[in-house]
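Student: Chains as they are written, first to last, in our numbering: chain L, 1 to 228; chain F, 1 to 127.
Take this structure, written in structure tokens, and hold onto it; I'll ask about it next.
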């Protein structure tokens, strides 16, 4: 599996393709990241590569953190992430201190992007769970956006005095980890550390995102690719 | 570099050179040569109308052109930096005192006409 990378969501704009169509794109300032630790089955129980992204203020960083990153010969990093490797050999292909930048995505057509979505606050069921709500008229009174019945006496078994666990109700929405899969890579520029992907990416502008090559496309996209 | 500048620098390669089009302003009547694809064939279509607005900046810049077809107002929005927008020709300079000429939508008949800018600016040239 090829390497993954951390980046910063810069913002959205439009992109013209050669045939003149224009598509919405998100610009991600991806990397450069530094490999801070190579984990192997022997030493850690699993094979992975840990890397850091974006310099941290030393004054605000714990000594342990500074020491850990210093071992890789780099200033301490603000964010650390890791990606799993299939075997020790693959993990050993990386060495601590190595720089990962957008060039790791060379030849990669699709990526998965993970970020923390924008917080939406306390939201009703229509926005939060895509409930349909009720009619505007025909005798509906003050219940246009209510969830309706939440299932009387059901338990997880089907009977009992409680509401089923995990029942979709109003509540806090957003501010959670979201991954969008199979985004087209439109452009990658290792010189400027730029990655341009098609469509939106979770989180506000300026947030950290984790970008990795797609292992598997989602179904409708896979079908489309197969047809083309 | 702030966020907007960063985004703009990222798509700077997509922009057309500054002298790609003649200098025009809102109120002008222009010919827009737009490449349209019909099946396998490509051809240039010319859309002539009054430029009633310019919107956006950088790669997002678009122009809105309005014309009357069979007594029906038609407006088309063209992205300025689209590779399909081949050429813009100025037919007539119109005199406009505002940036967006949306008031033309309510005008009927002869009231749609705009004063020619050359005539309006004549006294400046003389002075």
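Cβ atoms here follow ideal geometry from the backbone N, Cα and C, with glycine treated the same way.
Whose CA, out of 171/L, 69/L and 150/L, lies closest to the CA of residue 164/L?
Tutor: Within the first chain, numbered from 1, the residue matching residue 164/L stands at position 164. Here the closest residue by C-alpha is 150/L.
Student: Can you confirm whether residue 35/F, when its beta carbon is compared against all beta carbons of chain L, has any partner nearer than 9 Å?
Tutor: In the second chain, residue 35/F corresponds to position 35, counting from 1. Yes, residue 35/F counts as interfacial toward chain L.
Student: Closest to residue 198/L by C-alpha separation, out of 139/L, 9/L and 5/L, would be which residue?
Tutor: Taking the first residue of the first chain as 1, we reach residue 198/L at position 198. Of 139/L, 9/L and 5/L, the residue nearest in Cα terms is 9/L.
Student: Let me check one thing: in DSSP terms, what residues is residue 36/F bridge-paired to?
Tutor: Position 36 of the second chain holds residue 36/F. DSSP output for residue 36/F lists 43/F as bridge partner(s).
Student: Looking at C-alpha atoms only, which residue of 52/L, 53/L and 38/L is the closest neighbour of residue 46/L?
Tutor: For the purposes of this step, residue 46/L is identified with residue 46 of the first chain, where counting begins at 1. Out of 52/L, 53/L and 38/L, 38/L has the C-alpha closest to the C-alpha of residue 46/L.
Student: Helix, strand or coil for residue 41/L? Go by DSSP, reduced to three states.
Tutor: Taking the first residue of the first chain as position 1, residue 41/L is located at position 41. Residue 41/L: helix per DSSP, three-state reduction.
Student: Taking residue 99/L as the reference, which of 85/L, 72/L and 90/L has the closest Cα?
Tutor: Position 99 of the first chain, counting from 1, holds the residue named residue 99/L. It is 72/L.
Student: Could you tell me the distance, in whole angstroms, from the CA atom of residue 113/F to the CA atom of residue 12/F?
Tutor: The residue labelled residue 113/F in the question sits at position 113 within the second chain. The residue labelled residue 12/F in the question sits at position 12 within the second chain. Roughly 38 Å separates the two Cα atoms.
Student: Whose C-beta lies closer than 6 Å to the C-beta of residue 16/F among residues of the same chain, with five residues either side of it excluded?
Tutor: Here the question's residue 16/F lines up with position 16 in the second chain. If we look at residue 16/F and ignore the five residues flanking it on each side, its Cβ neighbours are 81.
Student: Can you pull the chain L neighbours of residue 47/F, defined as C-beta to C-beta under 7 Å?
Tutor: Position 47 of the second chain, counted from the start, is the residue given in the question as residue 47/F. Per Cβ cutoff of 7 Å: no residues; residue 47/F is ~15 Å from chain L at best.
Student: Which whole-angstrom value is the C-beta distance of residue 129/L and residue 168/L, which I expect to be below 8 Å?
Tutor: For the purposes of this step, residue 129/L is taken as residue 129 along the first chain, with counting starting at 1. For the purposes of this step, residue 168/L is taken as residue 168 along the first chain, with counting starting at 1. Right, the Cβ-Cβ distance comes to about 4 Å (below 8 Å), so this counts as a contact.
Student: Check the C-beta distance from residue 30/L over to residue 75/L and give it rounded, since I have them as a contact under 8 Å.
Tutor: Within the first chain, residue 30/L is the residue found at index 30, counting from 1. Within the first chain, residue 75/L is the residue found at index 75, counting from 1. Between residue 75/L and residue 30/L the Cβ distance is about 19 Å, and since that is not below 8 Å, they are no contact.
Student: Residues in its own chain within less than 8 Å of residue 213/L by CB, not counting five upstream and five downstream?
Tutor: Within the first chain, residue 213/L is the residue found at index 213, counting from 1. Once the five neighbours on either side are set aside, the close Cβ partners of residue 213/L are 1, 2, 4, 105, 108, 110, 111 and 112.
Student: Note down the Cα distance separating residue 188/L from residue 9/F, rounded to an integer number of angstroms.
Tutor: Mapped onto the first chain, residue 188/L falls at position 188. Mapped onto the second chain, residue 9/F falls at position 9. Using only the alpha carbons, I get a separation of about 14 Å.
Student: Under 9 Å, do residue 185/L and residue 26/L count as touching if we go by C-beta distance?
Tutor: Looking up residue 185/L in the first chain gives position 185. Looking up residue 26/L in the first chain gives position 26. The answer is no: Cβ separation not under 9 Å.
Student: How would you write the range of the beta strand (DSSP E) that residue 79/L sits in, first residue to last?
Tutor: Position 79 of the first chain holds residue 79/L. Run containing residue 79/L: 77-84, per the beta strand (DSSP E) assignment.
Student: Whether or not the region 71-88 of chain F and the region 30-41 of chain F are in contact is what I'm after, with contact meaning three or more pairs of Cβ atoms, one per stretch, closer than 8 Å; do they touch?
Tutor: The region 30-41 of chain F is in contact with the region 71-88 of chain F.
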